[in-house]
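Here is the structure we will look at, set down as structure tokens.
What follows is the structure, encoded as structure tokens:
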């Protein structure tokens, strides 16, 4: 007598997104106008979302919030005015220093022009290792040195650079050092705000390739702010297009451009072709 075939095992439930933003509104202290309004998107674990848009559209403001830099007592720090965000298990920024530090340890942040903000009196190795010290002052120096050396090697920087100072490196090399610093704690998420800004064209592509390769190797989730759609294609196929503080296009790059729902998206598509 034939036996009934076994039912297929149910598919596992999809993992919750590492980044989840819902109807988010951001403004700056003393300003009534919203810098970001009604923004909603999510990013699954291990994936990359590029955020593209013209200058002043809210990309950097959004990046700061994702990196846990909202609500600081600084004029450059945005305030959450509505909606919600959840990044690497952390929800809306809290005032406590310890909670905010945990957020920033779990989310590597490569700010605009970060390579130019390296401490001038620290060596390259000390600059990259500084987040390890800030997290745990009793850290193992040998392990920290190995972590720094490994990252510099992955970013195609000679190990001889470890004892050099920032002014001895080119701008592109300093930006790669800043990327190593952002990743030295092995964060769950990387937020990179226009990582190729001010970098020579010849090294922009390799820098973006390094972000893609490290993301695949370390399995972190990434949000990368960018301006150029052809460059975006080097490291992801998923894009959010911003204008006037809002997302006006979201999804696969080709699908968003082929079926534009907003005049600005249509314009970007024409330029990209």
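Residue numbers (the working numbering): -19 to 253. Note that CB positions come from ideal geometry on N, CA and C, so glycine has one too. Owing to the predicted nature of the structure, the values given are computational and were not obtained by experimental measurement.
- Collapsing the DSSP output to three states places residue 40 in a helix.
- Looking only at 252, 174, 5, the smallest Cα-Cα distance to residue 62 is reached by 5.
- By the C-beta density criterion, residue 232 is exposed, having fewer than 16 other C-beta atoms within 10 angstroms.
- Per DSSP, residue 3 is one residue of the beta strand (DSSP E) stretching across -1 to 7.
- Closest in alpha carbon position to residue 211, among 104, 45, 182, 196, is 182.
- In the DSSP assignment, the residues bridged to residue 22 are 0.
- Three or more Cβ pairs drawn from the segment 217 to 234 and the segment 21 to 39 lie within less than 8 Å of each other, which places the two stretches in contact.
- Per DSSP, the unbroken beta strand (DSSP E) holding residue 203 starts and ends at 201 to 206.
- In the DSSP annotation of this structure, the continuous segment of the alpha helix (DSSP H) that includes residue 245 starts and ends at 243 to 252.
- Secondary-structure assignment with DSSP links residue 197 through no beta bridge to anything.
- Sequence-distant partners of residue 131 (beyond 5 residues in either direction) whose C-beta falls short of 7 Å from its own C-beta, in its chain, are 108, 160, 163, 164.
- Taking C-beta atoms as the reference points, residue 67 and residue 46 count as a pair closer than 7 Å.
- In the structure shown, the three-state DSSP call for residue 142 is helix.
- Between the segment 14 to 32 and the segment 202 to 209 there are three or more inter-stretch CB-CB distances shorter than 8 Å, so the stretches are counted as touching.
- In this structure, residue 104 places its C-beta atom within 7 Å of the C-beta atom of residue 144.
- The beta carbon of residue 15 sits closer than 7 Å to the beta carbons of 6, 7, 8, 38, 41, 58, 225 from its chain, once the five residues preceding and following it are set aside; these are given in chain order.
- DSSP places residue 237 in the uninterrupted alpha helix (DSSP H) bounded by 233 to 238.
- In this structure, residue 43 lies away from residue 197, with their beta-carbon atoms at least 7 Å apart.
- Taken in chain order, the complete alpha helix (DSSP H) segments of 4 or more residues contained in the segment 82 to 155 are 104 to 115, 121 to 134.
- For residue 100, same chain residues with a beta-carbon under 7 Å away, outside a window of 5 residues either side, are 145, 146, 147 in chain order.
- By DSSP's assignment, residue 45 forms no beta bridge with any residue.
- Residue 164: not part of any beta strand (DSSP E); DSSP gives it neither H nor E.
- CA-CA distance, residue 246 to residue 21, rounds to 21 Å.
- With a cutoff of 7 Å on beta-carbon distance, residue 95 and residue 154 are scored as near each other.
- Shown here for residue 141: same chain residues with a beta carbon closer than 6 Å to its own, the five before and five after excluded, namely 104 in chain order.
- Annotation: residue 14 is outside any alpha helix (DSSP H) and is labelled neither H nor E by DSSP.
- Per DSSP, residue 29 is one residue of the beta strand (DSSP E) stretching across 28 to 33.
- Of 216, 214, 217, 209, the smallest CA-CA separation from residue 251 is found for 209.
- With a cutoff of 7 Å on beta-carbon distance, residue 187 and residue 176 are scored as near each other.
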